[in-house]
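The next block holds one structure in the form of structure tokens; read it before the comments.
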DNA sequence: ACCTCGACCTGGGCGC
DNA sequence: TGCGCCCAGGTCGAGG
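In my numbering, the protein residues as written are 141 to 434.
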């Protein structure tokens, strides 16, 4: 009688739509701002160069237009580029001078999850919060950023023309891995995480355990088309917010209620009513419908 | 080539 | 009330 119930989902996973939402917010605020001082409260987040050089290197730099590839943000500077990966719980918040003191929680005490603060000369601040500290910050020279290892290991971004059916199909053809594992693999397609992989597979009627090389050409094409569709629809809603996720301007995303399967195991499939199953695939909790997904 | 597992983290749920 | 266990997961590295 006890059907599995999904636990309440805490935090959020910044996948492509969430990162792009943040990038768009930053694009409205960052270009032209000059960094006065970088404050690093959690040095382990800065892995290149060492955090002291990171702090020194950022002083006096001016932001250009932020870019994104997959889940990675590139904050270009007049000299050099900041690479930011939000991990699982990272947030980038732009704070203007009228708000609460940067990095402080309401009430005045220091926000324990504010780990990196870029204080600008005009009094505004870019505040990085990350409850689980899985995020990564790096400061590259402009040249290094072009060939950095994070970029080198990345497949095409599905919202760009780089994402092409031919390359996608051949990547699937040459592996026997579960299709879910392949879609999570950032070197095949950059930007999908557990949420949107589950959503995409449900939309295409494919079980997460299907072998990638066994998919028909028709299924591969449907997947290829569904991936950007699912991501764009989530992006139009400002991304998925579970509890405390905020975009760069502190807004919540509206995609949560639009999720069809993610986190809904134990509840009825919205297509057929059958109870959604839960299985571990590629080491991740997966929700799927045994009736709709073959 | 692919899989699993542990590590990195924290907070919320839940059993006792 | 409270403690401790388990889980969530992006990514990487180690070991099978």
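Beta carbons are placed, not taken as given, at the ideal position from N, Cα and C, and that holds for glycine.
Cβ-based neighbour list, residue i, same chain, cut-off 6 Å, excluding 5 preceding and 5 following
i: residue 387; result: 161, 162 and 165
i: residue 181; result: 255
i: residue 419; result: 426
i: residue 323; result: 332 and 337
i: residue 363; result: 344
i: residue 311; result: 328
i: residue 305; result: 364
i: residue 183; result: 191
Distance between residue j and residue i (C-alpha atoms, nearest Å)
i: residue 330; j: residue 432; result: 26 Å
i: residue 141; j: residue 406; result: Only weak support is given to the placement of residue 141: the predicted model assigns it a pLDDT of 31, under 50, and the question is left unresolved by the model.
i: residue 367; j: residue 400; result: 15 Å
i: residue 357; j: residue 346; result: 13 Å
i: residue 389; j: residue 233; result: 6 Å
i: residue 334; j: residue 424; result: 7 Å
i: residue 353; j: residue 216; result: 39 Å
i: residue 268; j: residue 206; result: 15 Å
i: residue 349; j: residue 287; result: 34 Å
i: residue 402; j: residue 429; result: 11 Å
i: residue 159; j: residue 274; result: 15 Å
i: residue 195; j: residue 187; result: 12 Å
i: residue 204; j: residue 170; result: 7 Å
i: residue 414; j: residue 284; result: 51 Å
i: residue 271; j: residue 214; result: 21 Å
i: residue 212; j: residue 372; result: 17 Å
i: residue 198; j: residue 185; result: 15 Å
i: residue 291; j: residue 282; result: 13 Å
i: residue 235; j: residue 190; result: 26 Å
i: residue 416; j: residue 398; result: 16 Å
i: residue 411; j: residue 295; result: 32 Å
i: residue 355; j: residue 409; result: 23 Å
i: residue 167; j: residue 200; result: 19 Å
i: residue 193; j: residue 342; result: 46 Å
i: residue 434; j: residue 307; result: 24 Å
Test item: CB-CB of residue i and residue j under 7 Å
i: residue 404; j: residue 427; result: yes
i: residue 157; j: residue 379; result: yes
i: residue 202; j: residue 177; result: no
i: residue 226; j: residue 154; result: yes
i: residue 391; j: residue 374; result: no
i: residue 326; j: residue 230; result: no
i: residue 316; j: residue 351; result: yes
i: residue 309; j: residue 370; result: no
Identified DSSP bridge partners for residue i
i: residue 256; result: 180 and 268
i: residue 230; result: 270
i: residue 370; result: DSSP, once it has assigned bridges, lists no residue as partnering residue 370.
i: residue 244; result: 250
i: residue 222; result: 215 and 279
i: residue 171; result: In the DSSP output, where bridge partners are listed per residue, residue 171 has none listed.
i: residue 415; result: 408
i: residue 427; result: 418
i: residue 203; result: 217
Close Cβ partners of residue i (< 7 Å) along its chain, the five nearest in sequence each way excluded
i: residue 422; result: 318, 320, 321 and 324
i: residue 377; result: 393, 394, 395 and 398
i: residue 228; result: 151, 153, 272 and 274
i: residue 297; result: 209, 210, 303, 330 and 331
Close-in-space but distant-in-sequence residues of the same chain around residue i (CB under 8 Å, 5 per side omitted)
i: residue 243; result: 179, 181, 250, 251, 254, 257, 265 and 267
i: residue 262; result: 173, 174 and 237
i: residue 314; result: 353
i: residue 340; result: 323, 332, 363, 366, 367 and 370
Any non-hydrogen atom of the ligand MG within 6 Å of residue i CB
i: residue 272; result: Absent from the structure shown: the ligand MG. Ligands present: none.
Legend entry - Three or more C-beta pairs below 8 Å linking the segment 258 to 269 and the segment 294 to 308: no
Legend entry - Touching by the beta-carbon criterion (3+ pairs, under 8 Å), the segment 271 to 285 and the segment 219 to 239: yes
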